[in-house]
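Beneath this line is the structure, given in structure tokens, with notes to follow.
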Amino acid sequence: MSGSNRYVNLSYNTPQSLIFAKVHQLSIFYLRLTLSTEDQTLPVDSHAAPEQATEEQTVVAETPVIAHFSELDINDRLLKAIDELGFDTPTEVQAKTIPVALTGADMLVSAETGSGKTAAFMLPILDRFHKNKSPKSNTRALVLVPTRELARQVLQQAEVLGKFTFITSGMIVGGEDYKAQIKLLRSNPEILVATPGRLLEHLNKGEVDLSDLEVLVLDEADRMLDMGFKEDVLTIAEACKKDRQTFLFSATLKQKGMRHVIKQVLREPQELLLNTAQDQHGSITQQMILADDPEHKARQVLWLLKNETYTKAIIFTNTREMTNVLNTVLRREQDLRVSSLHGEMIQPDRNRVMMLLREGKVNILVATDVAARGLDIQGVDLVINLDMARNGDDYIHRIGRTGRAGQKGTAISLIGPNEWNLAAAIQRYLQVQFERRAIKGLEGHYKGPKKVKANGKAAGPKKKKKTAADKKGAPKKVARPKKPAAKKPASPARARPAGVDTGFEPLRRKKTPA
């Protein structure tokens, strides 16, 4: 392919070579932002074993085996909506969560993304509200989510599943008209889906009343903690009715502060650990390719996009700058349909990108972690990590964009010399071994460390310990005498016209005669 050949041969005077010049300019900045120490490790909270819950905190739920939605004790109107959607058999998280949720118990559920957990909590909420009409007019259920995109998906699920009921729902997220949201809150939708930051603004101004709330849902709680929403979530939960049912859904339970949140918001919850970090994404092939530098990675990405078999692909970077650069490079290729997503994009632009993806006009997305959190993009079967994820949980969420609901997927990580230890730590954390592969014709100089430790990280040269004799024979440091500071030359006196008083001169003492 001519476009590909021009890209690989950097000696050609083409627009691609100009783009690579930009890549070179950003390389130093890029490498500073990636983890570049010899002994890279994951954050303590990603390695540590999860805090043990006491028997008083959680109870492992025992659930019956549900083969069909019709076996669930839910309203016929909801079953009609499910049937219209073409669903017959519930997913594992739905089959095990819904029967327990219908009893009114609090629930702590660990399940991977794409497992159908939204319906697992939305169906019990809709069934409860349809059976028990509330005489009060305030909001009855609140679903807190980390991102605007996820909020839209949850709202859509509420509307689709409840289409044959008269239950109202609404959404409060950042980046949208504040006054319109006040109007929505005054209408008191029975189900409110919100992001913590914007909802807390309304709560602090007295524009939302949660005193009659019957159900609180924390969806993707681990991501909300990652994004710094812990205090916001706890403040909102404190404002809710005490006698309520609470659901907490999370892909992992190992985040720092997670057990504190569980203790604060849940009361004797039924616990369902459907997946752990180690056994998630068994349907995803995880590979690694060694690379020399960002420019080498860009060539590898282009080859993968032109030669791998996929329907949709997501390429993850760690910085907004690299997202923009790679997006520009890839869009030079006429046979690639590419767009990008990062945290600084305004909401209308984000919506436009998502619409292009859903319509199939774009099938390759270059994105940062922040931008991709909570996205539910159907048909993604290839994930490429241009930059290695900063920790194991971020890696789980990245590759979780593919292989959803048991479908096959591929995750390829491009590993530079400064990322080897990070990749080794993530493999150890997940208890997996990435498949090593190389691209013929694009092999680099970097072949991995010559020696590795038992934990898979690069083994550096051992430092020789100094003996007492070495210390005794070492020359003593002699303090250098300090040089006296140079005196500044006195500034010459300002000339003053004789016999002229400007009115702004300071008074001078007259000289007394000798």
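Numbered per my numbering, the sequence shown spans residues 98 to 611.
The beta-carbon is built from N, C-alpha and C at its ideal position, and this holds for glycine as well.
Remember, predicted model here, so these are calculated numbers, not experimental data.
Under the three-state reduction of DSSP, Gln528 is assigned to coil, being neither helix nor strand. By DSSP's assignment, Lys409 forms a beta bridge with Val477. Comparing alpha carbon positions, the residue from Pro221, Thr465 and Glu181 closest to Thr200 is Pro221. Counting along the chain, the unbroken alpha helix (DSSP H) around Phe218 starts and ends at Lys214 to Lys228.
Of the residues Glu540, Pro243, Val426 and Thr265, the one whose Cα lies closest to the Cα of Ser347 is Pro243. Residue pairing by DSSP puts Gln383 in a beta bridge opposite Ala508. When DSSP states are grouped into helix, strand and coil, Gly267 belongs to the strand group. Sorting Glu273, Val426 and Met268 by C-alpha distance to the C-alpha of Glu287 places Met268 at the top.
The criterion of a C-beta distance shorter than 8 Å is satisfied by Phe413 and Arg495. Lys544 is positioned such that its CB atom lies no closer than 8 Å to that of Ala521.
Boundaries of the alpha helix (DSSP H) harbouring Met355: Met355 to Val362, taken from the DSSP string. Nearest to Arg498 by alpha-carbon distance, out of Ile474, Gly489, Gln250 and Asp490, is Ile474. In the DSSP assignment, Leu241 falls within the beta strand (DSSP E) that extends over Ala238 to Leu241. DSSP places Glu298 inside the alpha helix (DSSP H), whose first and last residues are Pro293 to Asn301. Under the three-state reduction of DSSP output, Asn552 falls in the coil class, being neither helix nor strand. Put simply, the backbone Cα of Ala238 is about 57 Å away from that of Gly538.
When DSSP states are grouped into helix, strand and coil, Ser436 belongs to the strand group. Per DSSP, the unbroken beta strand (DSSP E) holding Met204 starts and ends at Met204 to Ser207. The segment 307-370 is shown to contain whole beta strand (DSSP E) runs of 3 or more residues at 312-315, 342-347 and 367-370, in chain order. Under the three-state reduction of DSSP, Thr425 is assigned to helix. Put simply, the segment 245-253 touches the segment 268-278. At least three CB pairs are less than 8 Å apart. Collapsing the DSSP output to three states places Val398 in a helix. Using a C-beta cut-off of 8 Å, the segment 168-183 makes no contact with the segment 201-215, since fewer than three inter-stretch Cβ pairs fall below that distance. Secondary structure of Ile493 (DSSP, three-state): helix.
Residue pairing for Val463: DSSP places it in a beta bridge opposite Ile412 and Ser437. When DSSP states are grouped into helix, strand and coil, Asn172 belongs to the coil group. Only exposed fits Ser308, as fewer than 16 other CB atoms lie within 10 angstroms of its CB. The beta carbon of Val251 sits closer than 7 Å to those of Thr215, Val240, Val242, Val290 and Asp316, all from its chain and outside the five residues before and after it, given in chain order.
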